[in-house]
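The structure appears right after this line, and notes come after that.
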Amino acid sequence: MNQFSISQLSQFSGIKAHTIRIWEQRYNALEPNRSKGNTRYYDNSQLRRLLNIVSLTECDYKISEIGSLPDQELFELIKELPDNSIVKKPIEYFVSQLLAAGVDYDEPHFEKIFSHCLLRFGMKETYMNVVYPMLVRIGLMWTSDTLAPALEHFISNIIRQKLFTTIDSLPFPKSTSDTWLLFLPENEFHEIGLLFAHYLVRLSGRKSIYLGSNVPLHSLTAVIENTLPKNLLLFLVHHDSPVITQEYLSELNNSFTGKNIYVAGNNNLMGQIKTSKRVHWLQSVKNLEEQFQDKNV
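The sequence shown maps to residues 1204 to 1500 in the numbering used here.
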């Protein structure tokens, strides 16, 4: 899981494979390894190097100036960048630097870059424009079995901590506000999207009861009886069959009549599902925020 093709390197860095080859040939930016079968491949250190080079080019460094620099010098240039440095594409810079820190399991650097994102954009824009694109790239590498699962867990857990900290800083909602119940069904464990929804619900001034991942359907009954939520919100992330998903949503709908059920996550899967009038498919953050408009908090 420490071997990447040039196309995978391209997916992870956002740089076209053709450009990576030019940087190799003209500026000695990377030196691919060779397998026993003479196949070119790259490792984690070269991925991290490429991400640092990409970040510096977004800060007006020329590839001809930095392409052949040693790794340590590249990193020193990154650290010396002032917080207010002009970045041509700040989103790409932040994504690249968070990934570079993640690949190196460098939590202090990850924390520093993430804090810059929050100061510049706030949590909502940071998630939508930086965190989500980063997670998409990680997902591409994870599904192709070229990324160590530990790396995904490392990055995901830091983001979870940041979201929990931000949510904790929000004022408590009024006792009379609408109540939302948020959960992931059984065998669903990727909760960052659900946590962000938790943040948005709380930000709107509404009550949000967060159950987290892998919640059995039968265990929801007692919670709903005690908390009386008007709205249920769940994410479907993993690739289950449409038939199984259809059965689950139908059972959820029949078990909790009178509740609005909102489903987000796997758009490809949800596009194959027929839902009742009370089951709403959220395809974007905007769709969720629309549920907060023109309604009493």
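Where a beta carbon is used, it is the ideal one built from N, C-alpha and C, also for glycine. Nothing here was measured: the structure is a model prediction, and the numbers come from that model.
Restricted to the segment 1362 to 1395, the beta strand (DSSP E) segments that are unbroken, complete and at least 3 residues in length are 1382 to 1386, listed in chain order. DSSP links R1243 through a beta bridge to R1237.
Linking Q1206 to N1231 through their CA atoms gives a straight-line distance of about 19 Å. Judged by beta-carbon spacing, S1299 lies beyond the 7 Å limit of V1333, meaning their Cβ atoms are not closer than that value. When the Cα atoms are used, S1458 and C1262 turn out to be separated by approximately 55 Å. Spatial neighbours of R1251 in its own chain (CB-CB distance under 6 Å, excluding positions within 5 residues in sequence) are listed in chain order as A1303, V1306, D1307. Between R1481 and N1469, the C-beta spacing is not below 7 Å. DSSP places I1464 inside the beta strand (DSSP E), whose first and last residues are 1463 to 1468.
Beyond the five residues adjoining it in sequence on each side, Y1413 comes within less than 7 Å, by CB distance, of L1385, H1401 in the same chain, given in chain order.
With a cut-off of 8 Å on Cβ pairs, the segment 1414 to 1421 is not in contact with the segment 1365 to 1377, counting fewer than three such pairs.
Of the residues F1324, F1399, L1272, S1444, the one whose Cα lies closest to the Cα of A1467 is F1399. In the assembly as shown, F1313 is a buried residue. Its beta-carbon has 16 or more other beta-carbons within 10 Å. Taking each of K1489, G1270, V1440 in turn and checking the Cα distance to N1471, the smallest one comes out for V1440.
Between the C-alpha atoms of K1292 and T1260 there is a straight-line separation of about 10 Å. R1409 is positioned such that its CB atom lies no closer than 7 Å to that of P1432.
Beta-bridge annotation (DSSP): H1401 is not paired with any residue. Secondary-structure assignment with DSSP links I1412 through a beta bridge to L1384. For H1319, the uninterrupted alpha helix (DSSP H) segment begins and ends at 1310 to 1329.
Nearest Cα to T1329 within the set N1490, L1343, A1353, L1301: L1301.
With contacts defined by Cβ atoms closer than 7 Å, L1343 and Q1214 form a contacting pair.
When the five nearest sequence neighbours on each side are left out, the beta carbons in the same chain lying within less than 7 Å of the beta carbon of S1411 are those of W1383, L1385, H1401, V1404, R1405, in order along the chain.
DSSP places F1278 within a helical segment (H, G or I) once states are collapsed to three.
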